[in-house]
Each structure stands twice: as structure tokens, then as C-alpha cells.
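Chains as they are written, first to last, in the UniProt record's numbering: chain D, 1 to 386; chain G, 1 to 386; chain E, 1 to 386; chain U, 1 to 386.
Protein chains: 4
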Amino acid sequence: MKFIRDSLHGNLQINEFEVKLIDTPQIQRLRRIKQLGFTYLVYPGANHTRFEHSIGTMYLASRLSYGLKLPDEQRQILRVCALLHDAGHGPFSHVSEAVLKQSHEELTSKLIRESEISTILSEKYDPEEIISLIRGEGSLGQIISGDLDVDRMDYLLRDSYYTGVAYGVIDVERLIHNMKLEDNLILKSKGVQAAESMLLARYFMYPSVYQHHTTRIINSMFRRCLKQLFKEGHIDPENIYKYDDADIISIARYQEGLIGDIIHRLDNRKLFKTVYSLKLDELTNPGAIFKIEPKQIQQYEIQIAEELGVPEDYVIVDVPDYPSFDEMKTLVSSNGDLVNLSKISTIVSTLRDARFNHADLCVYLPEEYSNLAKDVSFNQLIDNPE
Amino acid sequence: MKFIRDSLHGNLQINEFEVKLIDTPQIQRLRRIKQLGFTYLVYPGANHTRFEHSIGTMYLASRLSYGLKLPDEQRQILRVCALLHDAGHGPFSHVSEAVLKQSHEELTSKLIRESEISTILSEKYDPEEIISLIRGEGSLGQIISGDLDVDRMDYLLRDSYYTGVAYGVIDVERLIHNMKLEDNLILKSKGVQAAESMLLARYFMYPSVYQHHTTRIINSMFRRCLKQLFKEGHIDPENIYKYDDADIISIARYQEGLIGDIIHRLDNRKLFKTVYSLKLDELTNPGAIFKIEPKQIQQYEIQIAEELGVPEDYVIVDVPDYPSFDEMKTLVSSNGDLVNLSKISTIVSTLRDARFNHADLCVYLPEEYSNLAKDVSFNQLIDNPE
Amino acid sequence: MKFIRDSLHGNLQINEFEVKLIDTPQIQRLRRIKQLGFTYLVYPGANHTRFEHSIGTMYLASRLSYGLKLPDEQRQILRVCALLHDAGHGPFSHVSEAVLKQSHEELTSKLIRESEISTILSEKYDPEEIISLIRGEGSLGQIISGDLDVDRMDYLLRDSYYTGVAYGVIDVERLIHNMKLEDNLILKSKGVQAAESMLLARYFMYPSVYQHHTTRIINSMFRRCLKQLFKEGHIDPENIYKYDDADIISIARYQEGLIGDIIHRLDNRKLFKTVYSLKLDELTNPGAIFKIEPKQIQQYEIQIAEELGVPEDYVIVDVPDYPSFDEMKTLVSSNGDLVNLSKISTIVSTLRDARFNHADLCVYLPEEYSNLAKDVSFNQLIDNPE
Amino acid sequence: MKFIRDSLHGNLQINEFEVKLIDTPQIQRLRRIKQLGFTYLVYPGANHTRFEHSIGTMYLASRLSYGLKLPDEQRQILRVCALLHDAGHGPFSHVSEAVLKQSHEELTSKLIRESEISTILSEKYDPEEIISLIRGEGSLGQIISGDLDVDRMDYLLRDSYYTGVAYGVIDVERLIHNMKLEDNLILKSKGVQAAESMLLARYFMYPSVYQHHTTRIINSMFRRCLKQLFKEGHIDPENIYKYDDADIISIARYQEGLIGDIIHRLDNRKLFKTVYSLKLDELTNPGAIFKIEPKQIQQYEIQIAEELGVPEDYVIVDVPDYPSFDEMKTLVSSNGDLVNLSKISTIVSTLRDARFNHADLCVYLPEEYSNLAKDVSFNQLIDNPE
């Protein structure tokens with residue numbers, strides 16, 4: 001038995017088998033991957049890592065297992081899944097994900113199969129079973145990756161703790177005490193309010209943290225840099241899950257041209273400025289904004305670059321992330337029936353729409369060019385997407 | 001006016017002049033310097049940075065200034081000093097300091113003088129005045145660097161918050177409300193208990209965090225690596241305050257030999273093992289242990305290497321840091337007289353001695369060699385220092 | 001200068017004039033009035049008092065004054081108003097209010113005018129000015145009693161702290177930093193989210209705490225007891241603001257009959273049971289439920305008593321409190337215009353309706369009679385209100 | 001299964017048998033007994049009750065049982081003991097205890113034997129076994145009442161939370177993970193630091209809270225009042241554990257003379273003033289101060305009353321409580337041996353002496369008489385005790 005002290009959940013007990021997994025280079029690497037990417041440039045305390053989050057999720061998997069009165073073996077396997085669920089994340093977590101062809105879930109599967117983790121797992125489990133649970137398959141899998149899973153319970157609490165933004169405080173205890181496992185992971189009707197509060201936490205964290213305006217600029221800058229690193233062959237996107245944050249940063253610092261220039265701006269927090277913003281309510285079809293093709297975005301960038309006489313590489317058109325709210329699909333047992341959470345909660349059905357309020361399409365330019373944008377009619381350069 | 005959200009102290013107000021200083025590359029670099037070096041390998045939440053600590057210290061400088069009813073200009077200048085006080089820290093903070101010829105205070109002075117910070121300061125202040133205050137000169141300077149300064153108030157609270165170790169919780173309010181500024185920064189007798197609790201916080205943080213046994217091993221490994229980086233010319237020790245954590249790590253990763261090997265062990269948490277430990281109470285002159293010359297230590301290492309038949313570079317003899325407790329010299333006003341805190345507090349005078357309890361001299365070896373040490377009589381290889 | 005240590009806001013500074021007010025029997029009495037009445041029978045930590053809340057509100061009045069950059073005198077007067085704003089509360093706060101003819105605001109005015117508080121106030125202020133501010137008159141008054149006032153900021157935080165229900169955590173700092181005082185207290189558009197989160201806090205606290213089902217039963221029982229105490233002449237409702245919680249309880253304990261019986265049940269937590277509940281969505285006109293006349297309610301009770309053959313005094317028909325949400329009327333400055341918060345926030349306009357979700361009309365009976373209610377058709381005894 | 005929400009420990013699970021015990025009038029009464037007596041007049045948040053403390057102690061008994069890997073039945077019985085351990089407390093907890101002939105432990109035994117609690121217990125246990133465990137007999141008993149028991153873990157944390165005094169924060173987790181149960185409850189040497197920190201918490205809570213100077217005055221005043229209530233026959237000391245706080249207060253309010261006068265002063269916080277204080281270090285035999293006989297104290301009071309021409313009932317000579325520190329006797333396993341904590345911890349052995357620092361003998365008088373004491377030589381009226 002070993003203990004790890006978590007700043008959120010306290011002293012967490014780890015058994016020998018888990019220690020073996022934690023001691024692999026693959027899990028140790030997570031200590032060097034920031035949970036919220038570059039958010040620390042906006043919230044200076046947001047330096048927490050995928051490692052602590054993985055350990056914390058493992059702990060919540062235990063607590064939910066106890067709450068559901070699962071047999072010991074099921075609890076054990078869920079702990080292992082929680083520990084491994086983010087192992088495939090690239091540097092700076094979700095920031096890099098956007099420019100990769102594979103999701104971090106796919107990369108996690110790949111990493112487990114290819115690495116010594118698979119060998120260790122085989123002592124007790126079929127690695128494919130672990131992978132399938134991590135993917136959220138089956139009712140057990142929903143505990144790890146479902147509409148109301150331990151992953152997001154941990155990250156909402158953790159992101160709140162480190163950013164200092166109070167919104168993410170959720171009532172984990174009440175949630176856990178009001179769930180049951182049947183064909184699906186189901187919320188009892190007494191837990192509806194706790195689930196509402198969790199959705200609200202996410203709703204508020206979006207504009208405050210996850211899609212904070214400055215964070216979006218920084219992420220866009222970094223992605224441009226990362227794409228170029230791929231293009232010039234400095235980093236192999238297929239192996240992105242072998243790099244840590246420091247690797248990418250330092251490789252970039254050694255480059256000239258676009259890469260070196262952008263990383264230098266990030267290092268010194270000389271950020272691009274927003275020169276145009278298209279709000280959702282100005283659109284005939286708001287949903288369309290999330291589906292604009294990369295090619296189309298690039299086309300916008302070229303048009304703007306030409307109009308302004310600015311290098312194409314320095315024009316960024318940024319489309320907001322689609323704010324998914326899978327929690328609203330949570331199954332609730334209400335008088336014997338199973339219904340979707342959004343059906344029985346006015347709050348939740350409101351959030352389904354309200355979450356788009358803060359989304360907008362933005363154009364960023366380096367400060368030195370931002371003056372050029374003053375008299376430009378962006379509406380003519382960017383077609384209203386449909 | 002701008003606000004920075006600090007996870008500890010909340011929304012902190014920053015004025016325009018301070019924003020200018022914060023926006024320099026020198027202060028931005030602090031976002032990438034971990035406050036507690038490699039402690040995150042022991043406490044996974046300890047990823048906080050010198051940047052947040054500097055902002056937090058600035059805030060406490062304000063609060064203490066209000067408590068002391070200082071005029072506005074003095075408060076303003078103290079805020080600036082607090083913001084800059086750690087600007088010269090090398091990567092991984094104190095870990096690198098031990099292998100440098102200059103202290104981080106000296107490097108801070110140098111950095112202020114040489115960089116654009118000096119130019120900005122000159123708009124309102126004499127940079128030399130700022131440097132002198134940061135050095136703790138004069139009664140005002142004691143607020144920044146004294147026996148009971150805002151620097152250590154912030155770091156005790158902050159290190160507690162991020163490690164999850166409760167000991168560092170101190171009663172900042174009671175301290176601040178019980179100080180006055182005369183020829184010196186003086187504690188009123190009503191504040192003795194709050195000061196005692198602060199000393200105790202430090203006393204408990206030593207073995208739990210700052211001198212945690214595993215942390216000492218990791219720091220020793222990293223220092224060996226860093227020394228070699230200097231020796232082989234990969235990094236210029238004179239300019240150490242221009243590097244950030246990622247720079248050092250990535251430069252080291254590209255090296256072969258000792259450097260690459262040690263950084264690889266650190267990355268994968270394959271730590272050296274303790275093969276011998278000499279407790280203070282086995283010594284005829286306990287204090288001597290803190291004064292062993294580097295040459296002498298190297299001599300021990302050579303002897304051990306020879307005896308065991310192990311490469312010299314892989315033997316580490318680690319002498320504990322001297323646990324300074326300047327707080328005990330704090331001046332307390334007691335019935336009109338000024339006396340040292342340790343004079344009127346039994347607790348404090350006890351801690352003066354007790355703080356050495358956990359100090360010991362240790363010998364570390366890579367795990368693969370640690371078996372060789374089993375039958376060795378270290379007492380003959382390491383003379384009892386006097 | 002004196003300090004009071006508040007468990008929520010820390011060491012709070014109190015000036016001499018304020019100490020004089022605090023030392024009056026009228027304000028000291030608030031130490032013995034529970035903030036949440038009998039809620040401690042549901043949440044055992046909810047023993048906090050109107051006294052701490054008054055001190056805490058005074059502190060928030062200061063903070064908001066600083067945020068609004070009000071002149072010192074205005075801050076001083078607001079502090080005094082905040083300190084006094086709840087002085088007229090009867091025992092168990094809002095629980096007794098429901099059976100009185102005057103609101104606690106009216107009683108506060110009366111108490112200030114009649115007591116030595118008026119004399120003390122006259123040293124510096126016109127007592128009528130204080131009364132008018134407490135009533136929320138003028139733009140300054142809105143700070144004390146308005147759509148988004150310091151009173152509810154304090155009680156939401158405080159009620160959360162003592163009940164252990166996380167929902168009440170609001171982002172006071174962001175709220176305060178985003179308000180301005182013009183003809184009205186106005187929210188800047190950047191503060192909309194913080195205001196949304198405050199409304200949500202209240203929304204969630206309603207069913208969890210303020211209108212918790214068990215609390216409603218207890219309050220109904222106590223009110224029946226109190227009404228009888230008035231009726232039998234044991235307590236003078238005109239002077240209700242001179243009694244504290246212990247007075248009422250102990251006077252009741254000495255009585256025979258209904259009063260003694262009910263207080264005995266409360267003491268031993270032998271609570272009435274709910275035998276019928278009419279949900280809002282079963283009503284043709286949901287809003288009507290909040291407007292049922294006391295006479296009508298009594299009529300229902302008589303009918304039920306007769307039908308069941310139970311003493312009339314032991315039948316309680318309980319109509320829910322109207323969940324007011326004045327915050328939605330908060331004025332927000334948006335692109336130069338002033339609009340209501342509910343206009344620009346989808347969340348807020350949703351809550352306007354959703355807040356009724358948990359309201360229902362209930363019938364309570366002592367446990368020993370509850371079986372009798374099994375086969376009764378309450379729908380015929382209680383007309384659907386219109 | 002039922003849940004009780006504790007503001008400190010969160011949602012606590014209670015089984016059916018425990019619910020039966022909780023629902024007795026004897027345990028319900030604890031909801032109306034303040035944990036810290038009149039401390040709320042000094043720290044306005046200190047309104048917490050013996051009830052929450054009992055529930056919290058029950059929870060910690062569970063956690064320690066899990067930590068010690070005790071069988072389920074032992075955990076169950078310990079929970080019951082923790083729940084009942086304070087049932088015999090008189091109103092205002094320890095304040096009344098000082099004027100009773102029996103300790104609250106003795107009264108608890110009596111109450112269990114005489115009340116329905118005994119009947120309920122008999123369903124599963126021998127009530128005498130429960131009583132014996134509550135008294136700390138046997139190694140299991142030490143968990144409830146020993147040198148390092150769950151009772152004081154809970155009260156230190158709880159008193160900190162409600163007073164807002166940070167000192168009581170202790171590292172419960174580390175303590176619990178470092179204990180083992182052999183013939184005695186034993187601390188592993190790794191837990192020494194956590195135990196040190198707990199002792200320090202108590203050391204700091206003494207002068208700040210438990211023996212706060214104002215609290216001592218208030219308690220002395222109340223005890224005088226209570227003694228008179230006994231003397232005049234208004235309250236039966238033998239049945240003190242049947243009264244709650246409100247009972248005593250309201251009975252006192254109805255009395256004329258000394259009783260009514262003192263309770264009126266307490267209600268309005270018109271406190272006695274300290275007119276003389278004899279510090280321990282002025283004594284030839286400091287320890288003697290704790291052993292002065294009640295008769296002797298009364299003699300002092302008579303002499304002072306005569307000298308000042310003041311009614312004897314209004315002179316209070318207050319001897320400090322003996323600050324017991326049983327924790328220092330905690331057995332620690334150190335290299336196979338069992339030694340007392342104070343033997344191996346310098347800190348602890350220091351505290352053994354330092355805890356007396358703040359103790360002094362005081363004389364209190366009503367404010368209106370305090371002027372008379374100015375020229376009196378108390379040293380001649382109060383012999384230096386030996």
C-alpha cells in the first residue's frame with residue numbers, strides 16, 4: 001500500500017498493482033502535461049496536470065463503486081480504467097487534440113496496446129476489456145466515460161480549485177448517493193438537483209475558463225505553431241502522446257520563422273488581438289458555425305490576408321468549440337420510467353440552448369497588424385455559414 | 001486597472017504601472033518556474049509557480065501596508081518590490097540555487113539592473129531603491145525580506161494549498177493586525193501566538209515538504225545533472241535566470257552520458273536509493289554537518305565510489321540544508337521593551353533546537369548499485385565532521 | 001477599534017460608534033435568534049444567528065462601497081444600516097414572521113425609533129435616514145435592500161457554510177467588481193454571469209434548505225404553536241421583537257394543551273407526516289396557490305378534520321412560500337442601455353418559471369392520525385384554487 | 001439508511017439502529033446544548049451543538065476503525081459509543097460541569113442506564129459494555145476516550161470551523177493512517193508529526209478559545225448564577241442532564257435578585273471586569289494554583305468583598321482550568337519499543353510546560369464596582385497558594 005496526497009481529495013490509497021502502472025513512463029509523462037493547456041496564462045494557478053486528475057478520477061471511481069455497492073473486483077477494474085483513461089493525451093491536453101487526426105480516446109487505446117502498460121494489465125485483466133470500459137462501453141463503462149462520469153466530476157472540482165473560479169463546485173456526494181447501476185448508469189430522481197448543479201457548473205466554466213476569450217486566442221496561436229511543427233517535420237503527429245509540454249515548447253523555441261516567432265510571443269505573452277467577432281445571434285443558422293470545414297476557414301484566412309496585405313500565416317479565424325452537454329441525456333428513473341434529464345428539468349433544457357450564447361467566430365491578428373483591420377468589412381470576407 | 005484571479009487570495013487588483021512590469025519577459029518567465037522545483041514528483045499538486053507567488057506576495061504587501069497605515073506611496077513601492085523580489089530565481093527555484101555561485105537575491109538585483117525592468121522602474125522610482133528594499137534594507141525593507149515578511153506568509157499558505165499538507169495554514173490576519181513599523185518592523189505582544197503558529201508551520205513543512213526525503217534525493221540528482229550541464233558548457237551559469245524549467249529539461253534530454261541518463265531517470269521517476277544515513281544525534285558536533293565543504297563532500301563520494309567499484313558520478317553524498325529560522329529574531333514589543341521572539345516564547349526557543357531533529361547526511365545510489373552498499377562500513381568512509 | 005472574528009469573512013474591524021450600537025440589548029438579542037429558525041433540525045450545523053449575519057452584511061457593505069468608490073461617509077452610513085437591517089426580526093427569524101401582521105422590515109423601523117438605538121444614531125445621523133436606507137429607498141438604499149444587495153450575498157454564503165450545502169457559493173468578488181452606482185445600483189454586463197450564478201444559488205437553496213420538505217413541516221408546527229400562544233395571551237405579538245428563541249420555547253414548554261403538546265413534539269423531533277401533496281402542475285392556475293386566503297386554508301383544515309374525525313388543531317394545510325426572485329429585475333448596463341437582467345439572460349428568464357417547480361400544497365397530520373388519511377380523497381376536500 | 005449532512009465531514013450515513021438512538025429525546029436534547037457554552041459571545045459563529053459533534057465523532061470512529069482494519073462488529077459498536085459519549089452533558093456543556101458533583105462522563109453512564117437508550121441498546125449490546133467503552137476502558141475504549149481519541153479530533157476541527165480560528169486544523173488523515181491497535185491504541189513513529197500538530201492545535205486553542213479571557217469571565221458569571229439556581233431550588237443538579245440551554249436561561253430570567261441580575265447582564269453583554277490578575281510566574285509554586293480548594297476561593301472572595309465594601313456575591317475569584325494534555329502520554333512504537341510521545345518529541349515535552357504560560361488567577365467585579373479596586377492591594381488579600 002502506498003499513499004498519494006492529493007490537494008483536493010486528501011490522502012489517497014494506492015495498491016501495489018496500481019503502483020506498477022503509475023510507475024510506467026507513460027503514466028509518469030502525465031505529470032508533465034498540463035490539464036488545461038495554456039490556461040495558466042489567464043489563471044496563473046492553473047498549472048495542474050493530467051497526472052493528478054487521473055489519480056483523482058481513480059479515487060472517485062472508488063467512491064462511486066462503493067455508492068453503487070459494486071463487488072470488489074469491479075471496483076478494482078474501474079480504478080485501473082480511471083487511472084489510464086487520459087494516458088493518450090498529447091501535450092497541453094485538448095489544445096493539441098484539435099490539430100490531430102485522432103482523438104485522445106483513440107490515442108489512449110493505441111498507447112495501452114503498444115506499451116508496457118498492456119503487459120502489466122495482462123497479469124490481471126484482458127487489456128481489451130480495459131480499453132472497452134475506458135471507451136464507455138457497457139453499463140460499467142458509463143462510470144468512466146458516460147453522461148455523468150467520474151472524469152468530469154473530478155475535472156470540474158479540480159479546475160475550480162486551481163483557477164480559483166468558484167463555479168465548478170459540485171455536490172459530488174449527493175450525486176454519488178443518488179445513482180444506481182442497471183442496464184445503464186441511472187440517476188435517481190432525488191439526484192436531479194445535484195445533476196442540474198453539475199451541468200450549471202460546466203455551463204459557467206465554459207466562458208469563464210474553458211472558452212475564455214484570451215484562452216481561445218492563445219490556443220489558436222499554439223495550434224498554428226503546432227501545425228507548422230508537424231508540417232516541417234519537427235514532430236511526428238503519430239507519436240504525439242510520447243511528447244510532454246516541455247518537449248514541444250523547446251523544439252519550437254529552436255525554430256526560426258513562424259514557429260519560433262509564435263512561441264516567442266506566447267513566452268512573453270504578446271498575444272494576437274481580436275479584430276472581428278461574429279456573434280451567434282447574427283447568424284441565420286447558428287448551429288452551422290460549429291460545422292465550418294477547415295478548408296473553408298483557411299479560405300477565410302486567405303481572403304482576409306489578401307484584403308489586409310498581411311502574411312496569411314498571421315491571420316487566424318477561430319471557430320468556437322461545440323459545447324457538448326451529454327449530461328442532459330442522463331437517464332433518470334422517475335416513477336418507474338426512465339427519461340432523459342433534459343425532459344424533466346427545465347433548467348437542463350434551458351441550458352441546452354443557452355450554452356451557445358457565448359460562442360462566436362473570431363478573427364485574430366498580431367497587435368502590429370490590428371490597426372489595418374479597422375476599416376475592413378469582415379462581413380463580406382466571411383460568408384454567413386449555413 | 002486589471003484583475004488577476006489568484007486561487008488563494010481571490011481577485012487581485014493590479015494597476016497600470018504594475019501591468020507594465022508584469023508584461024516584461026522577465027516576469028512572464030516566472031510563470032514557467034515551479035515554486036517548489038521537483039516537489040511535484042512527491043506531491044502531485046505542487047505545480048505552482050514563482051509567478052503566482054510574486055502576485056500573491058504583492059497582495060500581502062498591500063494588506064500589511066494597510067495594517068501598518070503606511071502612506072499610499074510606500075504601499076505602492078512595496079507592491080512593486082514584492083512583485084519583483086523573486087525575478088532572479090533560476091529554473092526549479094531553490095534547487096538550482098545550490099549549484100550557483102550567486103544567491104537568487106543577487107541574481108534578482110543583477111536582472112533588474114540589466115533588463116528593461118530598470119527602464120520601467122525609472123519612470124517612477126530609483127531602481128537602486130527598489131533593489132535595496134528587496135534586499136531587506138531599512139525598516140520598510142523588512143516587510144519584503146525580514147524575520148516575518150510577506151514573502152514567507154505567502155509561500156507557507158501557497159505551498160500548503162498546492163501540496164495538500166495542512167500544516168502551512170497560518171493566521172495572516174492576526175499577524176498583520178499585530179505589527180507596527182518603527183525603526184524596525186515590530187510585533188506587538190498580542191501577536192506572539194500568531195507568530196508562534198507561523199514558525200510551527202515552517203517547522204512542520206520542513207520534513208513534510210521542503211526537506212522531504214524523496215525530494216532531497218530528486219534534488220540531488222537534478223543538481224548533479226545541472227552541474228554537468230555547466231561543466232560541459234551547455235548552459236551558462238551566469239545567465240541562469242534567463243532559462244525556464246522547460247529549457248533545462250529539454251537541453252538535458254538531448255545529451256548523452258551522465259546528463260541524459262539522469263534526466264531520463266527523473267522523467268520516469270527511477271530514483272536513486274538511500275544506502276546510508278547519518279543522524280545528527282550520532283554526531284559529536286551536530287552543527288558541523290551543515291558546514292562540510294563541497295570539496296570534502298566530493299572526497300567522500302570518491303572514497304565511496306572506489307570502495308564500491310561504482311562510477312564516481314553516480315555516488316551522491318547529500319548534506320541537509322541548514323534550516324534557518326530567522327523568525328525567532330523577530331522583535332517583540334513587550335511592556336515597552338523590545339525583545340527577541342525566542343526570548344519570550346518557550347515554543348520558539350524549543351523550535352530553535354528541534355528544527356535540527358530531522359536533518360541527516362545521506363548517501364544515494366542508483367537502484368542497480370544499491371545492493372553493493374549492503375556490507376560497506378560507511379562510518380569509515382565518512383568522517384564524523386567537526 | 002475592535003475586531004470581531006467571523007467564521008466566514010475573517011477578522012472584521014469595528015469602529016467605536018459601531019461598538020456602541022452592537023452593545024445595545026437590541027443588537028445583542030440577535031445573538032439569540034437563529035438565522036434559519038428550525039432548520040437545525042434538518043441540517044444540524046444550521047445554528048447560526050442573525051447577529052453574525054448582521055456583522056457579515058456590514059462587512060460586505062464596506063467591500064461594495066470600496067468597489068463603488070463611495071466617499072467615506074457613505075460607506076460609514078451603509079455599514080450602520082447593514083448592522084441594523086435585521087434588528088426587528090422575531091424569534092426564529094422568518095418562521096415567526098408568517099404569523100405576524102407586520103413584516104420584519106416594519107418591525108425594524110419601529111424598533112429603531114422606539115429604542116436607545118435611535119438616541120445613539122442621533123449623535124451622527126438622522127435615524128429616519130437610516131430607516132429609509134434600510135427600506136431600500138434611493139440608489140444607496142439598494143445596496144442594503146435591493147435586487148442584488150449585500151444582505152442576500154451574506155446569507156447565501158453563510159447558509160451554505162453552516163448547512164454544508166454547496167449550492168450557495170457565489171462569486172461575491174466578481175459581483176462587487178462589476179457594479180456601479182448611478183440613479184440605481186447597476187450591474188455592468190461583465191457581471192451578468194456572476195449574477196446568474198447568484199440567482200442559481202438561490203434557486204438551488206430553495207428546495208434544499210429554505211423550503212426543504214421537513215423544514216416546512218416543522219415551521220408549520222411551530223407557527224400553529226405560536227398562533228396559539230398569541231391567542232391565549234402568553235406572548236404579545238406587538239412586542240415580538242423583544243423575545244428571543246429561548247423565550248418562546250420555554251414559555252411554550254410551560255403550557256398545557258395544544259401548545260405544550262406541539263413544542264414537546266418539536267423538542268423530540270416527533271414530526272407531523274405529509275398525508276397529501278398537490279403539485280403545481282396539477283393545477284389549472286399554478287400561481288393561484290400562493291394567493292389562497294388564510295380563511296380558505298382554515299376552511300380546508302376544518303373540512304379535513306371533519307372527514308377524518310381528527311381535532312381541527314391537528315390538521316395543517318401548508319401553502320408554499322412564494323419564491324420571489326427580485327434579482328431578475330436587476331438593471332444591467334448593456335451597450336449604453338439599461339435592461340432587466342431577465343431580458344438578457346436566458347438562464348434568468350428560465351429560473352423565473354422553474355423556481356415554481358418544487359412548490360406544492362401539503363397536508364400534515366400527527367403520525368398517529370396519518371393512517372386515517374389513506375382512503376380520503378383530498379381532491380374533493382381541497383378545491384383547485386383559481 | 002439515512003443521511004445527515006454535516007457541515008464539516010459532508011453527507012454521513014446512519015443505519016437504522018443508530019436512527020433509533022438518535023430519535024430518543026436524550027440525543028435530540030443535544031441539538032439544544034451548545035458545544036462551547038457561552039463562547040458565542042466572543043466568537044459569534046460558535047453556536048454549534050453537542051449533537052453535531054456526536055454525529056461527527058461517530059463518523060471519525062468509523063474512519064479510524066477502517067484505518068485499523070477492525071472487524072465490522074467492532075466498528076458498529078464504536079460508532080454507537082461515539083454517538084452516545086456526550087449524552088450526559090449539562091446545559092452549556094463544560095460550563096455547567098464545574099459546579100456539579102459529577103463529571104459529564106458519570107452523568108452519561110447514569111443517563112444511559114436510566115433512559116430508553118438502555119432498552120434500545122439491549123437489542124444488540126450489553127449497555128454496560130457500551131458504558132465501559134465510553135469510559136475509555138480496554139484498548140477499544142481508547143478510540144473513544146484515550147490520549148488520542150476521535151472525540152478530540154472532531155472537536156478541534158469543529159471548534160476551528162465555527163470560531164474561525166485556524167489553529168485547530170489538524171491532519172486527521174495522517175493520524176488515522178498511522179495508528180494501530182494492540183494492547184493499546186498505538187501511534188506509529190511515522191505519525192509523530194501529525195500528533196505533534198494535534199497537540200499544538202490544542203495548545204493554541206487554549207488561550208484563543210477555550211480559556212479566552214472574556215470567555216472565562218462569562219463562564220464565571222454563569223456559574224455563579226447556576227449555583228444560586230441550585231441553592232434556591234429552581235433547578236435540580238441531579239437531573240441537570242435533562243435540561244437544555246434554553247431551560248436554564250429562561251428559568252433564570254424569571255428570577256429576581258442575583259440570578260435575574262446576572263442573566264440580564266449576560267443577555268446584554270454587560271460583563272464583569274478584571275480588576276486583578278496573578279500570573280503563574282509570580283508564584284513560588286505555580287502548580288498550586290490549580291489545586292486551590294473551593295473553600296479557600298470563597299474565603300478570598302469574602303475578604304475582597306469586605307475590603308471593597310461590595311456584596312460578596314458580586315466578587316468572583318477565578319482559578320484557571322488545569323490544561324490537561326493527555327496526548328503526551330500517547331504510546332509510540334519506535335524501533336520495536338513503546339515509548340511516550342513526550343519522550344521522543346522535543347515539541348511535545350516543551351508544550352508540557354508551555355501550556356501553563358497563559359494561566360492566571362483573576363478577580364472579576366461588575367463594571368460599576370471596578371473603580372473601587374484601584375487602590376486595593378490584592379497581594380495581601382490573596383495568599384500566594386502553595
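Beta carbons are placed, not taken as given, at the ideal position from N, Cα and C, and that holds for glycine.
Inset, instruction - Would you mind stating whether L8/D and R152/D have Cβ atoms separated by less than 8 Å? - result: No. Outside cutoff.
Inset, instruction - Measuring alpha carbon to alpha carbon, tell me which of E106/U, P25/U, S115/U and S122/U ends up nearest R135/U. - result: Just measuring C-alpha positions, the residue of E106/U, P25/U, S115/U and S122/U sitting nearest R135/U is E106/U.
Legend entry - Partners in chain D for N357/E, counting only beta-carbon separations shorter than 7 Å: For a Cβ distance threshold of 7 Å, residue set T346 of chain D lies close to N357/E, ordered along the chain.
Legend entry - Segment limits, beta strand (DSSP E) that includes V275/E: Per DSSP, V275/E belongs to the beta strand (DSSP E) from K273 to K279.
Inset, instruction - Starting from K329/E, follow its DSSP beta bridges and name the residues at the other end. - result: DSSP lists no partner for K329/E.
Inset, instruction - Counting only the same chain and skipping the five closest in sequence on each side, list residues whose C-beta sits under 7 Å from that of K2/U. - result: These residues qualify, in order along the chain: I14 and V19.
Legend entry - Backbone secondary structure at R5/D - three-state DSSP: Collapsing the DSSP output to three states places R5/D in a strand.
Legend entry - Own chain, CB closer than 8 Å to E232/D, minus 5 neighbours either side, in chain order: Counting only Cβ-Cβ distances below 8 Å, and skipping sequence neighbours, we find Q255 and I259.
Legend entry - D360/E - DSSP class collapsed to helix/strand/coil: Here D360/E carries a strand assignment [DSSP, helix/strand/coil].
Inset, instruction - Under the assumption that I33/D contacts D245/D (Cβ atoms under 8 Å), give the Cβ distance between them as a whole number of angstroms. - result: So it is a contact: roughly 6 Å between Cβ atoms.
Legend entry - Inside the segment 137 to 189 of chain E only - alpha helix (DSSP H) runs reaching at least 4 residues: Counting only runs of 4 or more, we get 138 to 144, 150 to 163 and 172 to 176.
Legend entry - C-alpha gap between P320/U and K227/G, whole angstroms: So the alpha carbons of these two residues sit roughly 60 Å apart.
Legend entry - Exposed unless 16 or more other CB atoms sit within 10 angstroms - verdict on N219/G: Here N219/G is buried: its Cβ has 16 or more other Cβ atoms, across all protein chains shown, within 10 Å.
Legend entry - Anticipated Cβ contact below 8 Å, A82/E with L111/E, distance rounded: That belief does not hold up - the Cβ atoms of A82/E and L111/E are roughly 16 Å apart, past 8 Å.
Legend entry - Nearest-angstrom Cα separation, counted from A305/G out to Y369/G: In a straight line, the C-alpha of Y369/G is about 11 Å away from that of A305/G.
Inset, instruction - Return the residue from the list M198/D, L331/D and E123/D that minimises the CA-CA distance to Q142/D. - result: Nearest option by C-alpha distance: L331/D.
Legend entry - chain D residues whose Cβ lies nearer than 8 Å to that of N11/U: Those are E173, R174 and H177, listed as they occur along chain D.
Inset, instruction - Compute every distance between the C-beta of L60/G and the non-hydrogen atoms of the ligand ZN, then say whether any falls below 7 Å. - result: Ligands in the displayed structure: none, and consequently the ligand ZN is not present.
Inset, instruction - Check whether the Cβ of F204/G lies closer than 8 Å to any Cβ atom in chain U. - result: At a cut-off of 8 Å, the C-beta of F204/G has a neighbouring C-beta in chain U.
Legend entry - Residues that H48/G contacts on chain D, provided the C-beta gap is smaller than 7 Å: Within 7 Å Cβ-Cβ: G45 and N47.
Legend entry - Rounded straight-line distance, which links the Cα of H212/E to that of T274/E: Those two C-alpha atoms are separated by around 13 Å.
Inset, instruction - Could you name the residues of the same chain whose beta carbon sits closer than 7 Å to that of D360/G, not counting the 5 residues immediately before and after it, in chain order? - result: These residues qualify, in order along the chain: S277, L278, K279, L280 and P320.
Legend entry - Below-8 Å beta-carbon distance, F17/E vs any chain G residue: So no, F17/E is outside the interface.
Inset, instruction - Express the C-alpha separation of R265/D and I297/D in angstroms, rounding to a whole number. - result: For I297/D and R265/D, the distance between alpha carbons rounds to 23 Å.
Legend entry - Short CB-CB distance (under 8 Å) between A354/E and chain D: Chain D contact via Cβ: present.
Legend entry - Pairwise C-alpha distance: L338/U and N183/U: The residue you asked about is not Asn; residue 183/U is Asp in the sequence shown. Each residue's Cα considered, the two are about 11 Å apart.
Legend entry - C-beta contact flag for A194/G and N178/G at 8 Å: When the beta-carbon positions are compared, A194/G and N178/G come within less than 8 Å of each other.
Inset, instruction - Using a Cβ-Cβ cut-off of 8 Å, state whether T215/G counts as contacting chain U. - result: So, not an interface residue.
Inset, instruction - Using a Cβ cut-off of 8 Å (strictly closer), state whether S65/G contacts chain D. - result: Interface residue (Cβ-Cβ distance to chain D less than 8 Å): S65/G is not classified as such.
Legend entry - In chain order, each beta strand (DSSP E) run of at least 3 residues that lies wholly inside the segment 282 to 360 of chain G: List check, beta strand (DSSP E) in window: 316 to 318, 331 to 334 and 337 to 340.
Inset, instruction - Work out the CA separation of T57/E and R50/E for me, nearest whole Å. - result: For the pair R50/E and T57/E, the Cα-to-Cα distance works out to about 10 Å.
Legend entry - Buried versus exposed, by CB contacts within 10 Å (16 or more), G336/G: Exposed: under 16 other Cβ atoms inside 10 Å.
Legend entry - Backbone secondary structure at L100/D - three-state DSSP: Three-state result, L100/D: coil.
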